[in-house]
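Asker:
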Amino acid sequence: MIANLDILKHFAEGGDIGHRLFDYKGNMVKICPTDKLNLSNISIISTNYVKVKQKIRWNPILKCHERVSRHWPESIDENEIIPRS
282 MIANLDILKH FAEGGDIGHR LFDYKGNMVK ICPTDKLNLS NISIISTNYV KVKQKIRWNP
342 ILKCHERVSR HWPESIDENE IIPRS
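In the numbering used here, the protein residues as written are 282 to 366.
(1) Helix, strand or coil for I323? Go by DSSP, reduced to three states.
(2) Let me confirm a value: G299 is counted as buried when at least 16 other C-beta atoms fall within 10 Å, else exposed. Which label applies?
(3) How big is the Cα-Cα spacing for W339 and V333?
(4) Taking 8 Å as the threshold, find out whether the region 350 to 365 comes into contact with the region 310 to 320 through three or more Cβ pairs.
(5) What three-state label does DSSP hand D287 in the structure shown?
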């Protein structure tokens, strides 16, 4: 649990979290956004959760950038993952 403290802190501060999904052979299929952490997926050695960069889009009405929530059917690219420190 302590090894994954950075992910828990990122989530508690309002950061986006992704969940790595694997197929039956153990190959990574995709990374999906999640809005909840399941503590059974966090072990002492590793976790399936990753820190994800915020999704920003341009709002033409307000003429500024705004943060957008990520939702389940969307998949996350590897370049959107924040490396673990």
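Just so you know, even glycine gets a beta-carbon here, dropped at the ideal spot from N, CA and C.
Answerer: Looking at the coordinates:
(1) Numbered from 1 along the sequence shown, position 42 holds the residue referred to as residue 323. Note: I323 maps to strand in three-state DSSP.
(2) Here residue 299 refers to the residue found at position 18 of the sequence shown. By the beta-carbon neighbour count (other beta carbons within 10 angstroms, threshold 16), G299 is buried.
(3) Reading the sequence shown from its first residue, position 58 is the one you call residue 339. Reading the sequence shown from its first residue, position 52 is the one you call residue 333. Cα to Cα, the separation comes out at about 19 Å.
(4) Contact between the region 350 to 365 and the region 310 to 320 is established, with three or more Cβ pairs separated by less than 8 Å.
(5) Numbered from 1 along the sequence shown, position 6 holds the residue referred to as residue 287. In the structure shown, D287 sits in a helix (DSSP, three-state: H, G or I).
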